[in-house]
Amino acid sequence: MRNDEIADAFAELADRLALTDEKPFRYMAYRKADSTFRELGQSVAVLSREGRLREIDGIGPAIEEKVQQLLETGSFPALDRAREQVDDTLLALTRLPGIGPATAHKVFAAADGEGFDSLVERAGTGQLATGAGITKKVLAALADEHERRRGGGASVDPSLSGVPRDEHGEPLPGPWFRRDQAQTQLAAVITLLLQGDDARVEVGGEYARGCELVSGLELQLVAGDSEDLAGIHERAASALNDQGHDVVATSGDGEFELACVSPNGMPIHVDVRAADERSAHALQLLIGPPAWSTLVDEPRAGEVAPELRERVVAGELPLAAAADLSRELVRVEDLRGDLHGHSDWSDGRATILEMAHAARARGDAWYLVSDHSAPYAMVGGLDEARLLAQADEIARVNEQLQREHEHDGAPAFRVLHGSEVEILGDGSLGLPDSALQRLDWVVASIHVAQKQSADAILQRMQRVVSNPLVDAIGHPTSRRLLRRERTALDVDALIAMAHEHDVVLEVNANPDRLDLDSTHAARALAAGVRLTINCDAHRPDNLDLRIHGVQVARRAGARARDVVNCLPLEELLGSRRRDR
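According to the numbering used here, the sequence shown is numbered sequentially starting from 1.
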């Protein structure tokens with residue numbers, strides 16, 4: 001049983017229990033198990049067989065027992081009871097976008113035993129009207145589900161958010177994975193491939209090109225000088241099989257390949273090669289894209305960064321220009337700090353000092369605390385009074401950091417005070433100007449009223465970018481990859497407004513977002529709009545997500561001078577509109 005299938009069982013249990021009177025801490029534990037198993041690079045089934053499940057952080061004896069029962073019988077008693085307790089129609093209603101447990105119960109009561117499929121069909125054919133429990137919002141969600149089932153273009157499947165499209169606008173077949181999921185799987189596979197061998201693993205495909213989603217991993221296992229290819233091929237296949245990968249090993253004419261599916265369902269292809277000139281040429285083809293094979297022998301083709309290759313193939317960039325630009329593309333080490341991050345004052349998991357220490361340890365010179373603003377209550381948004389109190393704590397933290405610098409030799413570091421201020425439904429902001437003007441940097445983001453029309457959202461943005469106290473727009477389209485489609489925002493119009501008012505646009509490096517995407521980031525750069533690359537960190541290890549945002553920016557053609565995080569601090573603060 002694959003990791004995603006095991007995770008699905010715990011997700012279903014959590015979803016069903018959320019519709020009962022069960023205490024939240026119970027079903028939230030199952031949601032955590034779902035997330036843990038889904039993201040794990042190792043096989044849950046193998047770990048269970050080896051008695052090592054409880055080595056995973058957060059997995060205790062109760063979850064371990066349920067996994068063992070699931071692997072043995074295909075279910076477990078708690079899930080069976082939940083299936084008896086919660087009707088399938090009620091569960092299906094909660095899986096419609098925007099429908100929570102309370103609304104689902106009202107609809108279910110009004111349906112009086114009518115099944116989910118029937119409700120969808122009647123809503124989609126105009127036979128279901130609003131009434132008790134059936135609001136306009138519910139009716140629209142059911143009608144959208146009907147349209148999605150019919151394959152119509154009016155309905156958007158959130159699970160396809162960010163998926164590449166063909167020339168007809170149809171989503172390319174998957175499965176598709178976020179970059180962090182691919183990164184986790186890559187690390188696990190490299191460990192297995194290199195066991196006891198003098199070899200190296202080289203990465204190609206979509207992951208190497210910095211694509212926002214990947215459909216699998218393309219790897220090259222290059223043997224050391226003394227290695228027997230057949231032997232290393234056999235050992236690699238055995239190591240992968242032992243850890244729950246479904247491996248097909250092929251060989252012939254001196255070529256050795258492995259194809260497998262990882263425990264979380266990710267396709268993986270491995271070429272085993274000797275370390276010679278042919279392996280270097282093969283890597284260039286492996287990086288791709290496929291059409292690169294027609295260019296690989298062209299002069300300077302080897303100088304083109306993997307992130308720019310698709311633009312060369314598409315005719316957006318001449319090969320020579322791409323080779324020149326590749327030398328200037330922004331790098332992780334060019335960034336001096338993060339301009340969108342959180343702390344435990346809102347929905348972060350660490351104190352301001354802990355986030356500062358983590359950023360400093362990674363070589364940064366500053367960290368912007370930009371916690372959510374009021375009225376975003378569900379994440380502890382700060383009003384003006386709490387913002388003032390937070391300023392006092394930041395001052396104390398900066399004093400401690402200065403002492404550490406002077407007395408302990410720690411690198412100089414500064415915590416900046418900002419806010420991720422909420423853009424309300426009418427375009428006003430969640431904090432008054434009197435609060436914003438005290439801050440070092442202001443990021444404005446949309447988290448509410450995301451289903452507004454294109455005109456309404458654009459009017460909101462127009463009002464926001466016109467405020468000289470707003471420095472940047474965070475995750476401009478509000479998308480969540482493979483989970484939630486972007487808003488109806490006209491991004492090209494936003495880019496034009498950002499250029500007019502000199503507002504910075506964010507490339508959010510969280511692999512759940514990667515927003516702006518590389519296409520819109522390239523358009524922003526072409527229009528003369530500056531970018532900021534931020535981790536949107538909620539805990540210290542989130543600061544390692546920066547690489548994903550950097551690769552999106554590189555695909556867009558961003559150089560260090562195009563990204564405000566690369567500026568010295570005083571130059572950055574001096575570039576704000578309010579100071580001109």
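Note that the Cβ used here is the ideal one computed from N, Cα and C, for glycine as well. Here the structure is a predicted model, which means the values were calculated and not measured.
Beta-bridge analysis with DSSP links residue 99 to no other residue. Within the segment 378-458, the runs of beta strand (DSSP E) at least 3 residues long that lie entirely inside it are, in chain order, 414-422 and 441-445.
Judged by their CB atoms, residue 418 and residue 440 are nearer to each other than the 8 Å cut-off.
At the C-beta level, residue 41 and residue 188 come within 8 Å of one another.
Within the same chain, Cβ atoms closer than 8 Å to the Cβ of residue 398 are found at 414 and 415, the five residues on either side in sequence being excluded. Contact holds between the segment 268-282 and the segment 214-230, because three or more Cβ pairs, one in each stretch, are under 8 Å apart.
In this structure, the straight-line span from the alpha carbon of residue 432 to that of residue 421 is close to 10 Å. Listed in chain order, the alpha helix (DSSP H) runs fully inside the segment 535-563 are 546-556, counting runs of at least 4 residues. Sequence-distant Cβ neighbours of residue 120 in its own chain, meaning closer than 6 Å and more than five residues away, are 142, 145 and 146. For residue 368 against residue 339, the beta-carbon gap comes to about 5 Å, under 8 Å, which counts as contact. Shown here, residue 473 sits in a strand according to DSSP, grouped into three states. Look at residue 175 here: in three-state DSSP terms it is coil, with no helix or strand label. Residue 353 and residue 559 do not touch by the CB rule: their CB atoms are close to 34 Å apart, not below 8 Å. Cβ contact annotation for residue 92 (same chain, cutoff 6 Å, sequence separation greater than five): 116, in chain order. Under the three-pair Cβ rule at 8 Å, the segment 223-239 does not count as touching the segment 175-182. For residue 374, no beta strand (DSSP E) run applies, since DSSP gives it neither H nor E. In this structure, residue 508 keeps its C-beta atom at 8 Å or more from the C-beta atom of residue 544.
Annotation: residue 317 to residue 549 spans about 21 Å, alpha carbon to alpha carbon.
Residue 261 has its alpha-carbon roughly 30 Å from the corresponding atom of residue 314.
In this structure, residue 447 lies near residue 376, with their beta-carbon atoms less than 8 Å apart.
With at least 16 other beta carbons inside 10 angstroms of its own, residue 518 counts as buried.
Taken through DSSP and simplified to helix, strand or coil, residue 566 comes out as helix. Residue 105 carries a helical assignment under DSSP once its states are collapsed to helix, strand and coil. With respect to the 8 Å criterion, residue 484 and residue 161 are classified as neighbours on the basis of their beta carbons.
Sequence-distant partners of residue 501 (beyond 5 residues in either direction) whose C-beta falls short of 6 Å from its own C-beta, in its chain, are 465. With a cutoff of 8 Å on beta-carbon distance, residue 360 and residue 411 are scored as near each other. Under the 8 Å Cβ criterion, the segment 565-574 does not count as touching the segment 380-388, having fewer than three qualifying pairs. In this structure, residue 371 lies away from residue 326, with their beta-carbon atoms at least 8 Å apart. The beta-carbon distance between residue 569 and residue 365, rounded to whole angstroms, is 6 Å. This is short enough to meet the 8 Å contact definition.
Counting only residues of its own chain and dropping the five nearest sequence neighbours on each side, residue 213 has a CB closer than 8 Å to the CB of 162, 163, 164, 176, 177, 178, 179, 206, 481 and 482. If you look at residue 491, you'll find it in the alpha helix (DSSP H) that goes 491-501. Per DSSP, reduced to three states, the secondary structure at residue 345 is coil, with no helix or strand assignment. Linking residue 183 to residue 264 through their CA atoms gives a straight-line distance of about 13 Å.
Under the DSSP assignment, residue 233 falls in the alpha helix (DSSP H) whose first and last residues are 229-242. With a 10 Å radius around the Cβ and a threshold of 16 neighbouring Cβ atoms, residue 158 comes out exposed. Of the candidates 323, 138, 55 and 310, 323 places its Cα closest to the Cα of residue 299.
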